[in-house]
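Colleague: Residue numbers (UniProt numbering): 1 to 265.
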């Protein structure tokens, strides 16, 4: 089994937490979207959405995060001789979290100069790939249009506010639930927690804990608790503790700076 992902991709974190919690062996391939690696023709042919993660088991390739998570759950249950079963509470939380798109929220809280620089770079990558692989031009054109549409959405303050409000609803509901149970869907760790933890990590990465996490004591207590789990340490702690939090971003920034410098000469 192979997983194409990036440590800072929320959806990648969700899938990797499930894989680690289930004890599944897999081969890891890093694909950095900030450097346009997900737009390379070889990856794009496999996954025209260019989104991460991509899970492959033999000839079976899955793109949607929720489908990957459910596939892993069913696969591990089958291998252990058990019937896969997801409680109603777990399923509801998974769908609720999956329905929130973090893209606008993330970009809206990214410094404009970095956001603009990366956006222009990605558009140049897409245009270059279109000329390199004419047979994929129509699909690359869709990604180019999506890039422009994202920039337009960021200018819509109501849309940005809606994304923030939707996140607050999820966190408020989690706060209420965690007043009654130890984990999101009960007293045991479930797939719902693997889906929820990366949401908290994204808030932390954007340095927004004060307004979104610290104001909700049960969510904060839960977050500190799950950080001690082995799966968290492998999937997230490895990249977010101390200087490691900025290591991947630093490498990406250096790559983009060099590429931009070379374009000038």
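Cβ atoms here follow ideal geometry from the backbone N, Cα and C, with glycine treated the same way.
Are the region 194-203 and the region 93-106 touching by the rule of at least three beta carbon pairs closer than 8 Å?
Modeller: yes
Colleague: Quick one: Cα of residue 57 to Cα of residue 49, how far?
Modeller: 19 Å
Colleague: Let me know the beta strand (DSSP E) ranges lying completely inside the region 80-154, each 3 residues or longer, listed in chain order.
Modeller: Runs of the beta strand (DSSP E) inside the region 80-154: none found.
Colleague: Quick check: the region 103-117 against the region 152-170, are there 3 or more CB pairs under 8 Å?
Modeller: yes
Colleague: Among residues of its own chain, excluding the 5 on either side of residue 22, which ones have a beta-carbon nearer than 8 Å to its beta-carbon?
Modeller: 72, 73 and 76
Colleague: State the CB to CB distance for the pair residue 15 and residue 68, rounded to an integer number of angstroms; the pair is presumed to be in contact (CB under 8 Å).
Modeller: The beta-carbon separation of residue 15 and residue 68, rounded to 5 Å, stays under the 8 Å limit for a contact.
Colleague: Give the C-beta separation of residue 178 and residue 219 to the nearest angstrom, bearing in mind that I take them to be a contact with Cβ-Cβ under 8 Å.
Modeller: The Cβ separation is near 6 Å, so the contact holds.
Colleague: Is the Cβ-Cβ distance between residue 184 and residue 212 less than 9 Å?
Modeller: Going by C-beta atoms, residue 184 is not nearer than 9 Å to residue 212.
Colleague: Given residue 265, which residues of its chain have a CB within under 6 Å of its CB, disregarding the five upstream and five downstream residues?
Modeller: Residue confidence is low: residue 265 scores 39 on pLDDT, short of 50, so the model does not pin down where it sits. Its coordinate-derived value is still stated next. Counting only Cβ-Cβ distances below 6 Å, and skipping sequence neighbours, we find nothing.
Colleague: Report buried or exposed for residue 236, applying the criterion of at least 16 other Cβ atoms within 10 angstroms of its Cβ.
Modeller: buried
Colleague: Which residue or residues does DSSP assign as beta-bridge partners of residue 54?
Modeller: 4
Colleague: Let's test the definition: count the other Cβ atoms within 10 Å of the Cβ of residue 27 and tell me whether it reaches 16, buried, or not, exposed.
Modeller: exposed
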